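Peer 1:
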Amino acid sequence: MPSFVTYLIHTLFPPTVRFPDILLIDAGLVLGGLGLIGFLTKTHRWGWLWREWLTTVDHKKIAVMYLISAIVMLFRGGIDAEMLRAQLAMPSVHFMPAIQYDEVFTTHGTIMIFFMAMPFIFALFNAVVPLMIGARDVAFPRVNAMSFWLFAFGAILFNISFIIGGSPDAGWTAYPPYTGLAFNPGPGENYYFLSLLIAGMGTTMTGINFLVTTIRMRAPGMTLMKMPMFVWTTMVTSALILFAFPPLTVALAMSLFDRLFGSSFFTLTRGGMPMMYVNLFWLFGHPEVYILVLPLFGVFSEVVATYSKKALFGYPMMVVSVLAIMFLSYGTWVHHFFTMGAGPAVNAFFGLSTMLIAIPTGVKIFNWIFTMWGGRIQMTTAMLYQMAFIPTFVIGGASGVMLAVVPADYQLHNTYFLIAHFHNVIIGGTLFGLLSGMYYWWPKMFGMKLNERQGKVAFWLFFIGFWITFTPQYLLGLKGMTRRLYTYPAGLGWHELNVISTVGAWIMGAGFVALVYNVVWSLLYGERDVTGDPWDGRTLEWSLPSPVPEYNFARIPVVHERDAWWAMKQKGQTMAHALRPEDVHDIEMPKNTPIPFLLGVSFFVLGFGMTFKWWPIAIVGILGVIACLLFSGFDYDDHHHLEADVVRQTEASLGRLQG
Amino acid sequence: MSLPLAEKAGQHPLPIEFADEKESIKITGFWMFLVTDVLIFASLFSTYAVFRTSVAMGPTPDQLFRMGPVMLETILLLTSSFTIGLGVYFMRKGQVRALMGWMIVTILLGAGFVGTEIHDFVTFAQMGATWHTSAFLSAFDILVGTHGAHVTFGIFWAITLLFQLRKRGITPQTARKVYTYSLYWHFLDIVWIFIYTFVYLNGKIV
Ligand code: HEM
Ligand SMILES: [Cu+2]
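Chains as they are written, first to last, in the working numbering: chain A, 1 to 659; chain B, 1001 to 1206.
1. By the three-class DSSP mapping on this structure, what secondary structure does A/Met379 have?
2. With a 10 Å radius around its C-beta and 16 neighbouring C-beta atoms as the bar for buried, classify A/Glu651 as buried or exposed.
3. By DSSP's criteria, A/Met448 is part of a beta bridge. Which residues make up the other side?
4. Beta carbon of A/Thr430, beta carbon of A/Leu515: below 8 Å?
5. According to the Cβ coordinates, are A/Met589 and A/Glu550 closer than 8 Å?
6. Regarding A/His413 and ligand 4, is the C-beta to nearest heavy atom distance less than 7 Å?
7. Taking the alpha-carbon of A/Arg484 as reference, which of A/Phe122, A/Leu36, A/Asp169 has the nearest alpha-carbon?
8. Assuming A/Gly298 and A/Phe366 are in contact, meaning their beta carbons sit under 8 Å apart, how far apart are those beta carbons, in whole angstroms?
9. Taking DSSP as the reference, what is the three-state secondary structure of A/Glu103?
10. Taking 8 Å as the CB-CB cut-off, is B/Trp1185 touching chain A?
11. For A/Thr332, is the beta carbon positioned less than 7 Å from some heavy atom of ligand 2?
12. Please report the straight-line C-alpha distance between A/Gly680 and B/Trp1131, rounded to a whole angstrom.
13. Between A/Gly400 and the rest of its own chain, which residues show a CB-CB distance below 6 Å, the 5 nearest in sequence each way excluded?
14. Looking at the C-beta of B/Val1055, does it have a partner C-beta in chain A at a distance below 8 Å?
15. A/Phe120: buried (16+ other C-beta within 10 angstroms of its C-beta) or exposed?
16. Could you spell out the range, first to last residue, of the beta strand (DSSP E) harbouring A/Ile587?
17. Does DSSP put A/Leu260 in a helix, in a strand, or in coil?
18. Rounded C-beta distance between A/Pro663 and A/Pro443? I'm assuming under 8 Å.
19. Using the beta-carbon of each residue, which ones in chain B are nearer than 7 Å to A/Gly633?
20. Looking at A/Asn416: is its Cβ nearer than 8 Å to the Cβ of A/Gly465?
21. State the beta-bridge partners of A/His639 as determined by DSSP.
22. Residues of chain A with CB closer than 7 Å to the CB of B/Gly1033, please, in chain order.
23. Mapping DSSP to helix, strand and coil, what is A/Leu579?
24. In chain B, which residues lie with their C-beta within 7 Å of the C-beta of A/Ala139?
25. When the Cα of B/Pro1069 is compared with those of B/Thr1123, B/Ser1024, B/Ser1046, B/Glu1023, which residue comes out closest?
26. Roughly how many whole angstroms lie between the Cα atoms of A/Tyr330 and A/His286?
27. Within 8 Å (strictly less), CB to CB, does B/Thr1036 reach chain A?
28. Would you identify the three-state DSSP class for A/Leu654, choosing helix, strand or coil?
29. According to DSSP, is A/Val129 helix, strand or coil?
30. Is the beta carbon of A/Trp172 sitting closer than 8 Å to the one on A/Thr249?
31. Under 7 Å: does the beta carbon of A/His336 sit that close to some heavy atom of ligand 2?
32. Got a sec: does ligand 2 put a non-hydrogen atom nearer than 7 Å to the Cβ of A/His286?
33. Assuming A/His94 is part of the alpha helix (DSSP H), what are its boundary residues?
34. Just the Cα atoms here: how many angstroms apart are B/Ala1006 and A/Gly154?
35. Per the DSSP calculation, A/Thr306 is bridged to which residue(s)?
36. Jot down the residue ranges of each uninterrupted alpha helix (DSSP H) in the segment 1135 to 1160 of chain B, minimum 4 residues, whole runs only, in chain order.
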């Protein structure tokens, strides 16, 4: 065999990717890929795929792509989680060797946070924010498509690591010196840094886009204090992204340079300082947890008002507390490393600032409860998630306050107590919120309801499974079980609790299966939404037909009240809302473009080349990036006019045109 | 949406780059981008502040820095900030040739800046002071290097703008592009002032 072939096999398929389970997955992926290609060719769908999806700049379609990616990633991260729990169910299990266990917990955390929760949130932003503010698209539709493709190719780059070259294994926080070249020579950590840099660029662009959209694209009359709560949280989250992602970018880039180009930022030699990474990472990391939860506070505020048939209680206080959370979240990052010896004064300050966040959060919890108080509550699936969220999140927050007590944290830091805390807030707040939002806005996105009965089955499996999984973990933490432990001996009193926890994980797995069944079933047989307003909603997106036509609003609405659509319905203006033909004019729409997709491909090539230090490939990627930038710089032909007649026809076919 | 800006448009004519609503929104977006860039530099500055004394076996800031080339770079870059300002002034008066002329001057000054900086870095490398040497040099190189890379990118950006101006003249779109470019260029100037003060002057004095 020529030597370069051996070299290739050695680099691309080192022993860490030659486990039997991974080989099985390899075979599955190849078969699945071939099947997909075959299907697309046979049904002549390539052109359709390219025109309707890969080159689209329509925020509603981008939302669908984000949603699909997020659910696929939920599956991948979920499999990782089940593997971890299988290993820990019993003492001294060696189902996975230590190295593989490390890889699996790293990919689990990274995927769930960066490639599941973030895109799922962006799916909701894209699906409804322009509709809620009465706009025809986001501020920068092309940038929006670029954000998606950068995220998507970042995610692909991250996910191929386990079949090509080996996964990262230094935890989702990727602390040095675990990531240092001296201790971690394989390509795994390169994958981590590069894929997060690429996806992070996309996320930053999304932040900019939605901040500008919510600031400048609102319908006439929609003042700041008339914005729906979800729009508020979108705005604040976008601002958080703007301020949080740059430190992450810098930390990742420095770690990457240490590995690829021999600088010494975080090395143990030549004056490098790993602690600096930890500071930069959490300067991003703590705001990030609020990026993960604030949008869902917005979702819950919409859901609770709609299904209680009441306006949101204490709207101004809700706004103030969201803003308070935004500011406070930058002053707490040190609570992630109390034990690293910053000294009592610093620790006391950050302990107190952390506890302070509980106050605005508590205000919001009370406001949601008062919104339900005396309302006519409809127990839909979305509302069930909302109701489950309240106690779950309160307990998660309370355990967070316990961790903020510095002496207690010396005991609890990096134990299963911490694991239970953040799953309590991330599953109870983020995941429940995402699913609540998905059930709530599904009719608007796809034109049919998700089946409620099946949805409730999935809900109960998730909810019960969650508590069975994580309650024992609090106790395990108190008993001293540390996180990131690949196995443990018998006789420490950890066995029973771990069994219970694993059973809970299976129940959550069953919940996921029920969810997917629910989605597929409803896509095939779900109840169509012909009214456009299936829940008797309050905000502008429900004034539109489902699914929404390409141009969203044939005529931009004028807003007078906070719950604009509800107010229109109360005043009987919904018929007056029906269009007169002469009110319809030509509409300027952004034009599809392949550049965002090609930019994503170029970054993927660049990232892959750098991961293996194959510079020629990396240079090809860079040239691709430059070509895309040049092309879009010189491209002035970025929109087209939708004829008024076409709009009239569409509206008439939806029964929304007078005469 | 009817912004105060757009409403007032009748009374005070807005500069051309703001006149079109869509272009004006893009300027807002560019400001937001600058926010992220400010934070990138803030992170790099804080890293430098922490690593300034971690010189390992390498040179200290005082031993390394030569103020002559740095003064030259400063003068070149500050002047270029003035010339791009003149460019925007003539753009608003609709004089495309003057605009292009001042942009070319700006590009040349920027190229002088980058050339001097590269020469400086090569000199350091010949003395064996690369970023392999110490954490201080890693932090110094990445901070100053990121700024230099931004300037280099700005030069190429300006060149593409010249082609667009030659083909299309001053339209709301090209004007918006030139305007955002000038914001970018002024921003780099401000960052340089901080580098000059906190890195070079501070390194020489403390
Ligand atoms: C009142 C609210 C909260 C308080 C007081 C709080 C407090 C804390 C503290 C003190 C830690 C560090 C514990 C340690 O490492 O020993 C921590 C970790 C964590 N928290 Fe929270 N937290 C709160 C809310 C949240 C929310 C809303 C989220 C996410 C949606 C979240 C996600 C996390 C994560 C992911 C970690 C661990 C990261 C890691 O080390 O891998 N927390 N929290
Ligand atoms: Cu935190």
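Quick reminder that beta carbons are idealized off the backbone N, C-alpha and C, glycines included.
Keep in mind it's a predicted model, so treat the numbers as computed, not measured.
Peer 2: On the basis of the coordinates in this document:
1. Residue state, collapsed to three classes: coil.
2. Buried, by the Cβ-count rule.
3. DSSP lists A/Arg528 as the beta-bridge partner residues of A/Met448.
4. Cβ distance not < 8 Å, so A/Thr430 and A/Leu515 don't count as in contact.
5. A Cβ-Cβ contact shorter than 8 Å links A/Met589 with A/Glu550.
6. Of the ligands this structure carries, namely ligand 1 and ligand 2, none is ligand 4.
7. By alpha-carbon distance to A/Arg484, the top candidate from A/Phe122, A/Leu36, A/Asp169 is A/Asp169.
8. About 17 Å separates the beta carbons of A/Gly298 and A/Phe366, which is beyond the 8 Å limit, so they are not a contact pair.
9. DSSP places A/Glu103 in helix when its eight states are reduced to three.
10. Cβ-Cβ to chain A under 8 Å: no for B/Trp1185.
11. Flag set: Cβ of A/Thr332 near ligand 2.
12. With chain A covering only 1 through 659, there is no way to say anything about residue 680 of chain A.
13. A distance below 6 Å between beta-carbons, with the five flanking residues on each side excluded, links A/Gly400 to the following residues of its chain, in chain order: His421.
14. Closer than 8 Å: yes.
15. Flag for A/Phe120 reads buried.
16. Start and end: 587 to 590.
17. Three-state DSSP puts A/Leu260 in a helix.
18. The question about residue 663 of chain A has no answer, for chain A in this structure spans 1 to 659.
19. Simply Thr1160.
20. In the sequence on display, residue 416 of chain A carries Tyr and not Asn. It is not a contact, given that the beta carbons lie outside the stated cut-off.
21. Looking at the DSSP assignment, A/His639 forms a beta bridge with A/Pro590.
22. Note on residue identity: the sequence assigns Phe, not Gly, to residue 1033 of chain B. The answer, in chain order, is Ile208.
23. Strand at A/Leu579.
24. What A/Ala139 touches in chain B: Ile1025, Gly1029.
25. Taking only the C-alpha atoms, the option nearest B/Pro1069 is B/Thr1123.
26. A direct Cα-Cα distance of roughly 7 Å separates A/Tyr330 from A/His286.
27. Yes, because at least one Cβ of chain A sits closer than 8 Å to the Cβ of B/Thr1036.
28. A/Leu654 falls in the coil class under three-state DSSP.
29. A/Val129 carries a helical assignment under DSSP once its states are collapsed to helix, strand and coil.
30. No, these two residues do not count as a Cβ contact at 8 Å.
31. For ligand 2, a non-hydrogen atom lies closer than 7 Å to the CB of A/His336.
32. Yes - ligand 2 has a heavy atom lying nearer than 7 Å to the Cβ of A/His286.
33. Premise fails: A/His94 is in no alpha helix (DSSP H) and is neither H nor E.
34. Here the model assigns B/Ala1006 a pLDDT of 45, short of 50, so the residue's position is not dependable and the matter cannot be decided.
35. Partner(s): none; A/Thr306 has no beta bridge.
36. None, since the segment 1135 to 1160 of chain B contains no complete alpha helix (DSSP H) of that length.
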